[in-house]
Structures are given as structure tokens and as C-alpha cells.
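Novice: One structure follows; several queries about it will come next.
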DNA sequence: AAACTTATTTGATTACTGTCAAATTAAAAT
DNA sequence: ATTTTAATTTGACAGTAATCAAATAAGTTT
């Protein structure tokens, strides 16, 4: 009994760290009771541990992480290559003209694209991606038509027959497409077969197909094939792409834009 | 015992940040109640957090620091009675059963409803609202079908023939409906005629219609008539409703649930 | 303009903090 | 084994921070 209470400095620190890990927060008074030591001792302990960056001191206690460097809710995936993706988005947005009717597929790069649509430009946008439609809510000049269907949660976009059916009723100037893989032999691919099928329909109802893909996508193959490279009019990518691939693509009649 | 309920500054700030992330908007008075502290304290907290760029201060509360959400109309509405709306959402979610197929219309109250769907409950949800579909992305057990159509930006939901057409192919256990006005003579209304039309279709393809409406909606009339009260099976509202209205509704065969 | 809601300021109250010298404990030297 | 020395812990105290109720000011709505 008495043995348990007799803790030295190291043991006490261990106890405090365990406890704070478990509860996120601890307060001085409780620690005093539990460790049967005075508040002065606890404060000294906490001070020491704070200096070692093992916890953060607060009024009356301590927390695991600094409450003021709180996680800014930014999607981790979006962070990757975000400057490249933004540049690609800017370049694609420059291709837009007044009164264009466009299809925007799903994908993070496309999100950067719609964010860079010039304010006030009159457009009709049809999209399968919910996050893209929501992004366009702030643009009064853009008329948005959301495709319907089964929600694919990993891409926050819809797929299926309903979406494809609606596409039949329109003809678009341009499709802005994002992909998971571009292979010189196999063509464009994405990870989901149904999504690939929808993308193919989008290509069929659009005059022009522009692919937005950062350079990491080249040489990769996803599960679902969208189309061959002969169906692509233009690819916008970053300078990570090799000259060989550029030459090959241009040989196939694809315009390559490097940002 | 009492200590557990007592939150200190750090814990309170954590709570506020979590809450604001979830609800987009929080108001001072509600935080006072929930955290059992005075308004002075809450304001001080919000001021501090604003200085750290973790939120934006507004009259009566604060909003998330999100440059992309320029979604004023919805956010303004969310201000009103958010605890009441949450309670209504909780009550509605309790009515759900395993393998139900439901339609969820648009509206802030419905957002609270879907947030309170029990985790792991198998459901098929068809919805016109993009924000509701996105909210359900985190629920693996819920299959989500997004209706397509023209995006109404003020409610972040779709309207139009495409959405109505898709509804024809299903039959649902329950429709969870949000409205802008409930008038004892005129019936249910919303501000937009096309949305009203879609809502009527939803009623037609559902076995049961449950209306979620806080008590401020009673006696109001919107522009677009959805239906008369005879088409409503149940209304879930808060205790701000008068007994007279309750009696009248029950006389019409409507079950009134007060939270 | 009045009625209402939300903000800020003030002063009192309580709780927490750091610092001190004194007391206790542990370790080292005799 | 006993004394000396160093480290740790403690209780006391003055200063600081956090909170609240009440009063006042500033917006908002009607």
C-alpha cells in the first residue's frame, strides 16, 4: 500500500504521461490526489515535461497537444502535389469561353480547375462530382447540373445508368476529365469500372476531351479502362513529364500543355 | 464528480472547435448552455480563437474559417434554433429501422437528421441535397443515391424533371421532409416552386411522410405549395408549438411528436 | 423610433501559479 | 554508523488568471 504511493520522479512522470495519453487532459488537483504529492511537485513535473515537449501546460492542468495549433481541416490527399494541381487547374480554366457548356468529371485536380474559373464567366457545367457542384455554388454566373446516381464515397461522385442517361440529352463543348492512370499503350484508366464507363459516355457527348493529370499519373494503369489516347484532344500536366512521352503523345495527335 | 463536468479553457476551446467544424455555425447562447458558462466567457473564448484564425466571429456566434463556403443562405438559416433542430433530428433518426429505404429532402433540419443516423444501420438513402449525400459519405452501411438535376444554390439541392423521373423507379418506406412553412389551412410550403413540385413527387413514392420542422415554421407560407396536411403522417417539432395547433393537427390525423 | 438582442466593461470572487525557505529524504563522505 | 551534502518535496504567500453577475453600450429588428 505504502509502496505503491511511494513514487520517485521518473515513475511519476511516466504515470503522468500515460494518463495524459489516455485522457487527453489532466488537471493538477487530481494528480495531487492520485500520486499523493503536493501541487507544487506536480507543477514542477508538468513544467519539466512541457520543456521536453511531452505535453502542453494549460491553466489548471495539461493537454496532449497544443490546443492552438489545432488541425486545420485540410484533406491530406489534397495536399499532395497541390501546387502542381493548382497550376494545371489554372491552365485549364484559361481555356474556358463565355457561354461554354462543359462536363466536369470527378477528381481532386478538377476541384482546382473549378476553383480557378474566372468569376462572372457564364457557363453551364454538368458534373458527376458532388464536391465540384458545391464548389460552384459560389459562382452565380455558372449554371450547375448535378448528375444523379449511386454515390461512390471515395470520390464523392455518382456513377451508374441514371447519370449516363442524362448525358444523352446534351452536347457539350468540352469535357474536363481526371484520370488515375495514363498508359501510352493502354490509354486512360481509373480505379473503378463503373466510373470508367461513365467517363466514356462523357467523352461521347463532348466535342473535345481535355485530360487534367499531374505527371505522376503517366505510366500507371487503373482497373477500369476509359478510352484509348486517340480519343483525347489535349492533356494538361506538370513539368515532371518526360520528353519521350510528350513526343509520343503528340505523335498520336494529342496536344500536350505543360505548366 | 463535479469535476468531470467542469471544463477548463483548453477543453472548452477544443469543444468549440469541434462543434464549429461539425455545424459550420455556432451561437453564443447555445454554447453557454452546453458548456455551462456565462456568455462573457464564451465571447472571450471566441475572441481568442478568432485571433488565432481558427474561426470567424459573427453577430451572436461564429462561423468556420472556410474560404470556399460562400454559402450564405444556408448558413444564415443554420443559425436559427440549431439545438432544437438537432433534437428534432435525433427524434427522427430513432424512427429508422434496419434495411429501410428512405428519401431525404433538403433543408438544414434534415442535415441534423442524417448526422444522427445510428452508425452501422443498413439503409438506402435517396436524396436531392448534396450536403446530405456528403454527410452520409462517412457511413459505410448507408447506400446513397443522389438525385440529379439543376442545382439550386441556396439549398445546395437539385430540382427538376430528372430527379422526379428517377423517383418513379423506387418505392420508399419513409420520406423525411423539411419545409419552409406549415399553414393549417394552406398546408406545407417551400420558397421554391420547382422544389415544391419535387417534394410532392417524393410524397407520392413514399409509404409514409414525416415532416421535420422547428416550431418557427408554423403559421408561415412559402411561395410553392407542396401538399395539404392530409398527406402528412407525422410532424416532429420542438416545444415552441402551441397546443391549439397540436390539437388541430391531430384532428387531421397527423401524429405530432414534440422534442 | 422603440423593442430586442448581442457586446463590452466593471468589480468582486474564486481558483491556479510560481517562488521561497523550511522540512524531508536520499546519497556520499567520513 | 554517523555526519555532511545534495536533491526532492512541502506549506505558505503574494501575484496572476479565469469566471460571473450586473451595468452599460452597441447593434439589429420591428
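Residue numbers (my numbering), protein chains in the order written: chain H, 53 to 311; chain E, 53 to 311.
Cβ coordinates follow ideal geometry from the N, Cα and C atoms, glycine included.
Fully enclosed by the region 136–170 of chain E, which alpha helix (DSSP H) runs are 4 residues long or longer?
Specialist: Runs found: 160–167.
Novice: Could you please give me the residues that DSSP links to residue 234 of chain E through a beta bridge?
Specialist: Paired residues: E:240 and E:270.
Novice: Nearest-angstrom Cα distance between residue 254 of chain E and residue 153 of chain E?
Specialist: Each residue's alpha carbon lies about 12 Å from the other.
Novice: Would DSSP call residue 76 of chain E helix, strand or coil?
Specialist: Looking at residue 76 of chain E - three-state DSSP - the assignment turns out to be coil, as it is neither helix nor strand.
Novice: Any idea if residue 244 of chain H is buried or exposed, counting beta-carbon neighbours within 10 angstroms, 16 or more meaning buried?
Specialist: It is buried - the Cβ of residue 244 of chain H has at least 16 other Cβ atoms within 10 Å.
Novice: Return the first residue and the last residue of the beta strand (DSSP E) that residue 114 of chain E is part of.
Specialist: Taken as a continuous stretch (DSSP letters only), the beta strand (DSSP E) holding residue 114 of chain E covers 113–115.
Novice: Quick one: is residue 266 of chain H buried, meaning 16 or more other Cβ sit within 10 Å of its Cβ, or exposed?
Specialist: Its Cβ being crowded by 16 or more others within 10 Å, residue 266 of chain H is buried.
Novice: Alpha carbon to alpha carbon, how far is residue 294 of chain E from residue 235 of chain E?
Specialist: Each residue's alpha carbon lies about 13 Å from the other.
Novice: Three-state secondary structure (DSSP) at residue 83 of chain E?
Specialist: Three-state DSSP puts residue 83 of chain E in a helix.
Novice: Taking residue 207 of chain E as the reference, which of E:285, E:169 and E:163 has the closest Cα?
Specialist: Of the listed residues, the one whose Cα sits closest to residue 207 of chain E is E:163.
Novice: How is residue 293 of chain E classed by DSSP in three states: helix, strand or coil?
Specialist: If DSSP states are grouped into helix, strand and coil, residue 293 of chain E belongs with coil.
Novice: If you reduce the DSSP assignment to three classes, tell me which class residue 200 of chain H lands in.
Specialist: Coil at residue 200 of chain H, not helix or strand.
Novice: Taking buried to mean at least 16 other C-beta atoms within 10 Å of its own C-beta, is residue 224 of chain H buried or exposed?
Specialist: So residue 224 of chain H counts as buried.
Novice: Check residue 67 of chain E in the structure and name its three-state DSSP category.
Specialist: Helix.
Novice: Check whether the region 169–186 of chain E touches the region 208–217 of chain E, counting contact only when three or more Cβ pairs, one atom from each stretch, lie closer than 8 Å.
Specialist: The region 169–186 of chain E, when compared against the region 208–217 of chain E, does touch it at the 8 Å Cβ threshold.
Novice: Check residue 129 of chain E in the structure and name its three-state DSSP category.
Specialist: Low local confidence applies: a pLDDT of 41 at residue 129 of chain E is under 50, so the model's placement there is unreliable, with the coordinate-based value given in what follows. Here residue 129 of chain E sits in helix by DSSP.
Novice: Within 8 Å, do at least three Cβ pairs link the region 172–179 of chain E to the region 137–152 of chain E?
Specialist: Taking 8 Å as the limit for Cβ pairs, the verdict is that the region 172–179 of chain E does touch the region 137–152 of chain E.
Novice: The beta strand (DSSP E) with residue 210 of chain H in it runs from where to where?
Specialist: Element bounds for residue 210 of chain H: 209–211.
Novice: For residue 277 of chain H, report the span of its alpha helix (DSSP H) as first-last.
Specialist: Element bounds for residue 277 of chain H: not the alpha helix (DSSP H) but the beta strand (DSSP E), 276–279.
Novice: If we ignore side chains and look at the alpha-carbon of each, how far apart do residue 73 of chain E and residue 107 of chain E end up?
Specialist: Straight-line Cα distance between these residues: approximately 9 Å.
Novice: Helix, strand or coil: which one does DSSP assign to residue 284 of chain E?
Specialist: Looking at residue 284 of chain E - three-state DSSP - the assignment turns out to be coil, as it is neither helix nor strand.
Novice: Who pairs with residue 264 of chain E in a beta bridge, going by DSSP?
Specialist: Bridge partners of residue 264 of chain E: E:230 and E:288.
Novice: Of all the CB atoms in chain E, is at least one closer than 7 Å to the CB of residue 218 of chain H?
Specialist: Yes, residue 218 of chain H lies at the interface with chain E (some Cβ there is under 7 Å from its Cβ).
Novice: Start and end of the alpha helix (DSSP H) containing residue 175 of chain E?
Specialist: Segment 175–179 is the beta strand (DSSP E) holding residue 175 of chain E; no alpha helix (DSSP H) there.
Novice: Can a CB atom of chain H be found closer than 7 Å to the CB of residue 197 of chain E?
Specialist: At least one chain H Cβ lies under 7 Å of residue 197 of chain E.
Novice: Does the beta carbon of residue 211 of chain H come closer than 7 Å to any beta carbon on chain E?
Specialist: Not closer than 7 Å to any Cβ of chain E, the Cβ of residue 211 of chain H fails to qualify, so no.
Novice: Whole angstroms are fine: how far does the CA of residue 71 of chain E sit from the CA of residue 64 of chain E?
Specialist: Their backbone Cα atoms lie some 10 Å apart in a straight line.
Novice: In chain E, which residues lie less than 7 Å from residue 110 of chain H when you measure between Cβ atoms?
Specialist: What residue 110 of chain H touches in chain E: 60, 61 and 62.
Novice: In the DSSP output, what is residue 109 of chain H paired with across the bridge?
Specialist: Looking at the DSSP assignment, residue 109 of chain H forms a beta bridge with H:114.
Novice: Could you work out which residues of chain E lie near residue 246 of chain H, taking near to mean beta carbons separated by less than 7 Å?
Specialist: In chain order: nothing, as chain E lies at least about 13 Å away.
Novice: With a threshold of 7 Å between beta carbons, is residue 163 of chain E in contact with chain H?
Specialist: Residue 163 of chain E does not count as touching chain H.
Novice: What is the rounded straight-line gap between the Cα of residue 202 of chain H and the Cα of residue 199 of chain E?
Specialist: Taking the straight line from one Cα to the other gives about 9 Å.
Novice: Please report the straight-line C-alpha distance between residue 86 of chain H and residue 61 of chain H, rounded to a whole angstrom.
Specialist: Looking at the two C-alpha atoms, the distance is approximately 14 Å.
Novice: With a 10 Å radius around its C-beta and 16 neighbouring C-beta atoms as the bar for buried, classify residue 221 of chain H as buried or exposed.
Specialist: Result: exposed.
Novice: Beta carbons nearer than 8 Å to chain E: which residues of the region 174–206 of chain H have them?
Specialist: Those would be 182, 183, 185, 186, 187, 188, 189, 190, 192, 195, 196, 197, 198, 199, 200, 201, 202, 203 and 205, in chain order.
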